[in-house]
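Report on the following structure.
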Amino acid sequence: MSMKQLMTKMKIKNLFSAIMLCCSMVANSQSAITIDPATQRYLGDESDFKREKFVAFHALFTEPDADFEKFKKDFNIDSDYMGSRRFYYPIAKAKNGKIPAVKKTYDGERKVFEHIATAPPSALFYDKKINYGKTDFMPYISDVSNYVAKALRDEWEQVPRFLEPFNEPMVHAGDFATGLKGADKKAAIEAIVTYICKYHREVARAVKSMPELKNVEIMGFGSAFPEFEANDFGLWKSRFKQFIDIAGEDIDILSLHLYDGSGVNNAGGRRSGSNLEAILDILQTYSYIKLGKPLPIAITEYGRLVPNQPEWAKATGAVGNKLDKKVTTKVSNYHPVTNSQAVRSQLHMVMSFMNRQNELVRTVPFTIGKAPQSAMYSKSSLWVKQADGSYEYSNRIYFFEMLKEIKGKQVVVKSDNVDIQALGYVDGNRLFLMLNNLNDNANEVKLNLCSAGDVKNVNVKTLKIFADKEPVLKNLKSKNAPENITLAYGETAVITYEFKNKIKFDSKVVRTKYYSQTYLQPIQAGKNLNFTFDGVKGGVGDVVLRLGIGRKHGLAVVPDSIKINGNVVDVKSDVIKGYDQHTRKQFFGALEIPIPANIVNNGKNNLSVEFADDGGYVTSAILQIER
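Those letters in the sequence shown? Residues -29 to -1, 1 to 598, by mature numbering (1 follows the signal peptide of the UniProt record, and there is no 0).
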């Protein structure tokens, strides 16, 4: 984050404060990473890196494919991997409201395949002539839910482990109220949104009623564009909150899509960084409040929605990702630079996800499989068809290149700069250090490697993504551990240290998150907002207070007063991951505030925050402790 952005975020109130902050930043212009290979880190009960949660793409191969098999072998992906998401499950066979008979083909407990099955919402809302605001649609929802469960149990060849009933259904609610206007249309859209929630509930109950499907998990609602802050958080209340209220007790997983880029984030805004963190924090906090536990999360699409090529859009009439009719063209929609832009966002986000491994079940970057260059989504494909009919990798392969070697158990890595993401893993005598720069500017990072024995070899792999030219991947080998590294904006590095002997752990830390029973508190000038955390194991360790803040630009983002158990907490550094969200309509992000461990009690802890100006919300409060 730039100095200007930081000053805006902190809302410095006088010249003396500004001068002191500038001096501090000059004196500490170099970020520092401390790596402790001998201390194992647990996120909840997970320490081993689970590649199946992160190394994925948005396609499914149902037939043998030599290119796909080579890809899996070259990038250390399980040989059984078929892909991650398929737009097909039994509801697709219920045409025009007619539910087909189910043929009994299989008996006993069904084997599940490790992919996500979904469908467009039109599979349920089959008749656009119906006024769903004045129709009791529940009998059909009940019938089709039971059919889906029976079909999965009795006749479906590849039963998915994860059933995500719909892909981005609520943003399409208006598509099923096209003949209505005014109050009737509004009522119909509201009814459709509620029916979407109820369908998730009913299909979850139907699946869970069948012991043969005990390994199938239900996720939803596959939310697109979770701009929760819209309409004074009215969008949150009418969509995801309502979904959790109706279906939360019956489903297993919350699912959503997270994208950087224009069209979904106002004027080219980013979810990478604090916005992403705030979205996930409010989902977990509210599910904890409503259900007594934070529900796991699946990110079933993420990255960046890249634009179409102008000549292709002209030839097809496409507007954004909407193509009203199928058009045959030889014009290419693939450009290697455009294709590569999503990799920057994918790597930003995957590191945030990796730092939440125990809270997430799957994360799927929106990179599709194979496509001819004239297809819309060649712009997002992993393979691009060549003139001779063969396929070659697009620049999307760099995402997999940066994750290729990473394996092992997580270890403690500390960054003194919230914009520099850093994670470490140990496997045998190797240490993998992954770094990523969310800051808009280049950042020099000092690498403090705690003793783990003699270093034998080091490989520094770096990836730079540029806005106007193709990515640059470099590998630098050395016999010595580097003392520092400079990372450009969006640059990712994986440093592999090879030691002469196997690395042994001599201690461990476990991260635990404590959620408040209070959330989405309106901010009033001079009024204390109070939150309580129960059952805390405190007193030692590294403590971070995670505060979700939603406010209009120009208002203070960091509270004027923060107290834990009556003790004042000073905010001395940047606490907002990534940029200041100036390209979004308003700020909605998570503050990550370091807290002295000695002011945290065992048992109950009280938090109070206060702002000097009116407006906006504290959306969530989470006490995160590593000890």
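Glycine included, each C-beta is placed from N, C-alpha and C at the ideal position. Predicted, not measured: the structure shown is a model, and the values here were computed from it.
Between the CA atoms of residue j and residue i - distance to the nearest angstrom
| i | j | result |
| --- | --- | --- |
| residue 46 | residue 486 | 38 Å |
| residue 394 | residue 113 | 46 Å |
| residue 259 | residue 496 | 28 Å |
| residue 210 | residue 164 | 7 Å |
| residue 255 | residue 189 | 17 Å |
| residue 457 | residue 51 | 38 Å |
| residue 568 | residue 310 | 45 Å |
| residue 356 | residue 464 | 30 Å |
| residue 242 | residue 229 | 7 Å |
| residue 322 | residue 63 | 35 Å |
| residue 291 | residue 278 | 7 Å |
| residue 7 | residue 331 | 25 Å |
| residue 589 | residue 531 | 13 Å |
| residue 596 | residue 372 | 32 Å |
| residue 32 | residue 417 | 43 Å |
| residue 66 | residue 151 | 24 Å |
| residue 562 | residue 270 | 22 Å |
| residue 153 | residue 169 | 25 Å |
| residue 358 | residue 453 | 44 Å |
| residue 498 | residue 205 | 23 Å |
| residue 92 | residue 101 | 15 Å |
| residue 213 | residue 447 | 51 Å |
| residue 139 | residue 450 | 50 Å |
| residue 410 | residue 482 | 25 Å |
Beta-carbon spacing of residue i, residue j below 8 Å
| i | j | result |
| --- | --- | --- |
| residue 129 | residue 84 | yes |
| residue 549 | residue 245 | yes |
| residue 224 | residue 266 | yes |
| residue 125 | residue 76 | yes |
| residue 382 | residue 22 | no |
| residue 520 | residue 528 | yes |
| residue 414 | residue 391 | yes |
| residue 173 | residue 81 | no |
| residue 455 | residue 578 | no |
| residue 226 | residue 275 | no |
| residue 546 | residue 442 | no |
| residue 103 | residue 37 | no |
| residue 94 | residue 178 | no |
| residue 538 | residue 576 | no |
| residue 559 | residue 199 | yes |
| residue 28 | residue 336 | yes |
| residue 329 | residue 17 | yes |
Cβ-based neighbour list, residue i, same chain, cut-off 7 Å, excluding 5 preceding and 5 following
| i | result |
| --- | --- |
| residue 477 | 9 |
| residue 156 | 148 |
| residue 108 | 166 |
| residue 160 | 144, 145 and 148 |
| residue -1 | Residue confidence is low: residue -1 scores 46 on pLDDT, short of 50, so the model does not pin down where it sits. Its coordinate-derived value is still stated next. For residue -1, where only same-chain residues beyond five positions count, there are no Cβ hits under 7 Å. |
| residue 523 | 557, 586 and 587 |
Per-residue DSSP class, three states only, for residue i
| i | result |
| --- | --- |
| residue 524 | coil |
| residue 354 | strand |
| residue 109 | helix |
| residue -19 | Residue placement at residue -19 cannot be trusted, given a pLDDT of 37 that sits under 50; what the coordinates show is reported in the next sentence. In the structure shown, residue -19 sits in coil (DSSP, three-state: anything other than H, G, I, E or B). |
| residue 273 | strand |
| residue 569 | helix |
| residue 489 | coil |
| residue 299 | coil |
| residue 192 | strand |
| residue 260 | helix |
| residue 545 | coil |
| residue 139 | coil |
| residue 99 | coil |
| residue 147 | helix |
| residue 4 | strand |
| residue 114 | helix |
| residue 253 | helix |
Beta-carbon proximity list for residue i, same chain, < 8 Å, skipping 5 on both sides
| i | result |
| --- | --- |
| residue 70 | 114, 115 and 118 |
| residue 472 | 400, 424 and 425 |
| residue 475 | 9 |
Own chain, CB closer than 6 Å to residue i, minus 5 neighbours either side, in chain order
| i | result |
| --- | --- |
| residue 619 | As displayed, the chain neither begins before -29 nor continues past 598, which places residue 619 out of reach and without an answer. |
| residue -10 | Its pLDDT being 30, under 50, residue -10 is placed unreliably in this model, and the value from its coordinates should be taken loosely. Closer than 6 Å at Cβ, skipping near neighbours: no residue. |
| residue 39 | 32 |
| residue 466 | 404 and 431 |
| residue 207 | 199 |
Contiguous beta strand (DSSP E) assignments of at least 3 residues, all confined to the segment 13 to 96: 83 to 88
Residue ranges of each beta strand (DSSP E) within the segment 202 to 238, 3 or longer: 224 to 231
Whole runs of the beta strand (DSSP E) within the segment 382 to 422, excluding any shorter than 3 residues: 391 to 398, 401 to 408 and 414 to 420
Sequence ranges, beta strand (DSSP E) only - wholly within the segment 311 to 367, length at least 3: 331 to 336, 339 to 342, 352 to 356 and 362 to 364
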